[in-house]
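Numbering-wise, the working numbering comes out as the position in the sequence shown, counting from 1, plus 45.
Cβ atoms here follow ideal geometry from the backbone N, Cα and C, with glycine treated the same way.
Note that the coordinates shown come from a computational prediction; the quantities given were computed from them, not determined experimentally.
Accompanying notes for the structure given below.
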Amino acid sequence: MKLVTVLMLVALPLYCYAGSSGCSLLDNVVEKSVDPTVSKDEYRAYLKDFAQTDVEKKAADELKQCFLQQSNETLANFKQMLVISASSDVLLQPRDRDK
46 MKLVTVLMLV
56 ALPLYCYAGS
66 SGCSLLDNVV
76 EKSVDPTVSK
86 DEYRAYLKDF
96 AQTDVEKKAA
106 DELKQCFLQQ
116 SNETLANFKQ
126 MLVISASSDV
136 LLQPRDRDK
């Protein structure tokens, strides 16, 4: 189950990178993941194109439940961590990443 969750999270950035729209899809999924006002049903409906099998749907439910159990402070820290990691990745030049 954990492997399916990891694979689902890995597939989203690859999908974004391959497209020309940037990573707005990943940003939206993360935002819905950490938003405590989004129910599991709404979250599952949003991910319907990615979570199609029962195992994938269960993994999405477990991922959302994990975020629902966190405090608002933890969710805010998680969002901040994502901004920092994304910003540092953008600042690296492609030639710097190859070294």
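Query                                                                                                                                                                       : Result
Quick check on this structure: which residue in P81, V75, V49 has the alpha carbon closest to the alpha carbon of E118?                                                     : P81
Give me, in chain order, the residues of the same chain whose beta-carbon lies closer than 6 Å to that of K85; leave out the 5 immediate sequence neighbours on both sides. : D106, K109
How far does the alpha helix (DSSP H) with V100 in it reach, from first residue to last?                                                                                    : 99 to 113
How many angstroms separate the CA atom of V83 from the CA atom of L48?                                                                                                     : 24 Å
Can you tell me the Cα-Cα spacing of S69 and V75, whole angstroms?                                                                                                          : 10 Å
Could you give the first and the last residue of the continuous alpha helix (DSSP H) run that contains L70?                                                                 : 69 to 79
Which word fits A96, buried or exposed, when buried means at least 16 other C-beta atoms lie within 10 angstroms of its C-beta?                                             : buried
Suppose you measure from the CA of Q125 to the CA of L113; what does that come to, to the nearest Å?                                                                        : 17 Å
By the DSSP assignment, the alpha helix (DSSP H) with A90 in it spans what residues?                                                                                        : 85 to 91
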